[in-house]
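Visitor: My structure is below; once you've seen it, I'll send some questions.
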Amino acid sequence: MKILFIGPRIHTNQFNIIKTLKEKGHKVFFHAKFKYKIEDHSHVKPKFFKESIVSKIIKILFGTWGMPKIHDLPNFKIYYKEVKKILPDIAIIRVHGFFYTYFIAIIMKILKINIIFYDQKDFYKHYLKLNITSLIKTAEFFLRLKLFKATWITPINSNKKRLPNKCFYLPFAVSIIKKNKKITSKKILVVAKPEVTQNYFLALNVLKKISKKFDVKMTIVSMVYNSSHKKIKKKALNYVKKNGLKKNIKFLENIPYSKMKNIYKKNSIFLHPADFQTAPISICEALGYGLPVICSDACGTKFHVKNGYNGYIFKKNDSQSLFNSINKIFISIKFHNQLSRNAVKDAKKNISSENYYKKFKFIIKKQFNLKV
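Take 213 as the starting number for the sequence shown in our numbering and just add one per residue.
What follows is the structure, given as structure tokens:
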């Protein structure tokens, strides 16, 4: 089967999905708007298209909503010919701006290609709310599915409710270690951009407290690519220097995704301090590598974390709640190792490549009656 992914870029959360599909014998293609240096293109090389005049006019009329690439549309004729040349069985379209989403979907509809809209939203938290904005979004959502005879998938389903017709929960796929970790150290891994919502300083503040009780090391891995990131990173470095934490912390910047495997393996717990993030794949990856996970109660993928089983969920922006969570894990090495074993066990069941492919096949057969 030929599968075409269309989205802003090849996100790290798509690496194992693409790898799995290719290993199962499918041909995979990817059309993207841009790329970051950290991306791993070993399983598929993205194809880029020059921005059209129509796209530039849309930006003048409607602006960019703070996202420069949101309205980037290729030339219709050129893109139509490219898709026709591939003629995929399925097009998985990442919802990324009204004009882009509909532009791509119209071309797929003309070519009679099965459409799946992919979105990192929790359906019942984003739609069906009793306010005008939500009602308009909900109406557009169902109209789009009907208009294009499409299916919708999301990796988020925190309340585990049954989704509406033609809507499915399809989990991430991550690497799972074959042998359980033997944890002997207290090393905290943080993967977060230096942004206000990512709560860099909450992590640093708790490191300051917890390092007085335990011999703790923290590694913060970040994507730093604009002036705002550099400004926050500079403040973080000053905080570390001012509070004497240099020996306890290491900052890693713009690390290629291919090198993240070893970084996960070298640490013993994973901390996601953000006060909000829709669907961080790093939480799932950490569980797959046997790291107990600590994240806030506002995190989109927190439903993968079970208190006292494979990690802890703390109250967002609450340093004492976060401190208590870390302390519960570090206070007993035996308990720490049990959490690690549980993390791997749960990841195998829920976010493995095998589980992803099983659910993917079910959706494709049910919605499009295609042989996978």
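Backbone N, C-alpha and C fix where the C-beta goes; we use that ideal spot for every residue, glycine too.
So does the region 395–410 actually touch the region 425–434, counting three or more Cβ pairs closer than 8 Å?
Guide: yes
Visitor: In angstroms with no decimal places, state the Cα-to-Cα distance between T276 and K540.
Guide: Distance between the alpha carbons of T276 and K540 is about 45 Å.
Visitor: In chain order, what are the residue ranges of uninterrupted alpha helix (DSSP H) at least 4 long that sit wholly in the region 396–461?
Guide: 412–422, 439–454
Visitor: Look at Y469 and L503 and say whether their C-beta atoms are less than 9 Å apart.
Guide: no
Visitor: Please list, in chain order, all residues of the same chain as K577 whose beta carbon is under 7 Å from its beta carbon, the five residues on each side excluded.
Guide: V584
Visitor: Would you tell me roughly how many angstroms separate the C-alpha atoms of R306 and I538, rounded to the nearest one?
Guide: 36 Å
Visitor: Quick check: N549 and N411, are their CB atoms within less than 9 Å of each other?
Guide: Taking 9 Å as the Cβ cut-off, N549 and N411 do not qualify as a contacting pair.
Visitor: For the alpha helix (DSSP H) holding C379, just list the boundary residues, first then last.
Guide: Taken as a continuous stretch (DSSP letters only), C379 belongs to no alpha helix (DSSP H), being part of the beta strand (DSSP E) at 379–381.
Visitor: Who does N326 pair with in a DSSP beta bridge?
Guide: I302
Visitor: Could you pull the DSSP bridge partners for H548 from this structure?
Guide: Beta-bridge pairing links H548 to no other residue.
Visitor: Can you tell me whether A555 is buried or exposed? The criterion is at least 16 other CB atoms within 10 Å of its CB, across all chains shown.
Guide: buried
Visitor: Is it the case that the Cβ atoms of F246 and L216 are separated by a distance below 9 Å?
Guide: no
Visitor: Under a Cβ-count criterion, where at least 16 other Cβ atoms within 10 Å of its own Cβ denotes burial, should P280 be classed as buried or exposed?
Guide: exposed
Visitor: Considering only DSSP beta bridges, list what H255 is partnered with.
Guide: Paired residue(s): none; H255 is not in a bridge.
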